[in-house]
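Chemist: Under the UniProt record's numbering, the first residue of the sequence shown is numbered 1, with each subsequent residue one higher. Positions of the beta carbon are idealized from the N, C-alpha and C atoms, including for glycine.
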Amino acid sequence: MFQKMLLKHMLAPALKNVPEEQKQKILAIVDKDPDFLMRIAKEAEVKIKGGMDQMTALKEVFKANEEALRKLTSSLLDNN
């Protein structure tokens with residue numbers, strides 16, 4: 001529960017200009033599997049600390065976790 005709240009709080013500034021419908025989808029992913037998103041954040045953080053710029057690090061991490069992300073978003077769409 002605390003982990004979900006922390007993630008949502010951390011995402012709030014990044015989602016400031018995102019349309020409400022997309023915000024809700026992103027927050028639904030946080031609710032569905034916060035551990036997965038924390039793992040992605042940690043993987044990106046390691047790459048950034050290793051000297052990679054943030055955008056490149058995130059792209060690489062998302063690409064490496066593409067299948068898991070697809071399954072997670074697919075399961076959310078199936079539930080709606």
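1) Alpha carbon to alpha carbon, how far is E67 from L11? Give it in angstroms, no decimals.
2) Could you spell out the range, first to last residue, of the alpha helix (DSSP H) harbouring M38?
3) Once you ignore the five residues that flank L76 on each side, which residues in its own chain have a CB closer than 8 Å to its CB?
4) Which first and last residues belong to the alpha helix (DSSP H) in which M52 is found?
Modeler: The structure says:
1) 22 Å
2) 34-49
3) K25, A28, I29, K32
4) Segment: none, M52 is in no alpha helix (DSSP H) and carries neither H nor E.
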